[in-house]
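Q: Residues 211 to 279 (the working numbering) are what the sequence shown spells out, left to right. From the three backbone atoms N, C-alpha and C, an ideal C-beta is built for every residue, glycine too.
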Amino acid sequence: MKKSKFIEELRSQSVAELNAQLVEAKKELFNLRFQNATNQLTNTGRIKEVRKNIARIQTIITEKSGAAE
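#1: Mind checking which residues open and close the alpha helix (DSSP H) that includes N246?
#2: Buried or exposed: N249, going by 16 or more other Cβ atoms within 10 Å of its Cβ?
#3: Is the Cβ-Cβ distance between K236 and I264 less than 8 Å?
#4: Should V225 and K262 be called a contact, given that it needs their Cβ atoms to be closer than 8 Å?
#5: Going by CA-CA distance only, name the one from R266, L232, A247 and G276 that's closest to K215.
#6: Exposed or buried, what is V260 when buried is set at 16 or more other beta-carbons lying within 10 Å of its beta-carbon?
#7: Classify S222 as helix, strand or coil using the three-state DSSP reduction.
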């Protein structure tokens, strides 16, 4: 999925949906790190991608909560 399309989808979601997606992304990151430590991970670039997605989700959550105040 392209970056801008992903960001547009994030902006259209509610804060509760974003928090749920954030939890899933953090679980995925944990699993990827675990696989990397046990030498089972083939695509190490996925770790970087998930970390950036987590940051994007957190940014959108901050923007939405700031707009609500």
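A: From the atom records:
#1: For the purposes of this step, residue 246 is identified with residue 36 of the sequence shown, where counting begins at 1. N246 -> alpha helix (DSSP H) spans V225 to A247.
#2: The count along the sequence shown starts at 1 and reaches residue 249 at position 39. It counts as exposed.
#3: Residue mapping note: residue 236 aligns to position 26 of the sequence shown, counting from 1. Residue mapping note: residue 264 aligns to position 54 of the sequence shown, counting from 1. Closer than 8 Å, so yes.
#4: Along the sequence shown, one-based indexing puts residue 225 at 15. Along the sequence shown, one-based indexing puts residue 262 at 52. Their beta carbons are not under 8 Å apart, which means V225 does not touch K262 by this criterion.
#5: As a working mapping, residue 215 is identified with position 5 in the sequence shown. Looking at the Cα atoms, R266 is the closest of the given residues.
#6: For this step, residue 260 is matched to residue 50 along the sequence shown. With 16 or more Cβ atoms within 10 Å of its Cβ, V260 is classed as buried.
#7: Counting from one through the sequence shown, the residue named residue 222 turns up at place 12. Three-state result, S222: coil.
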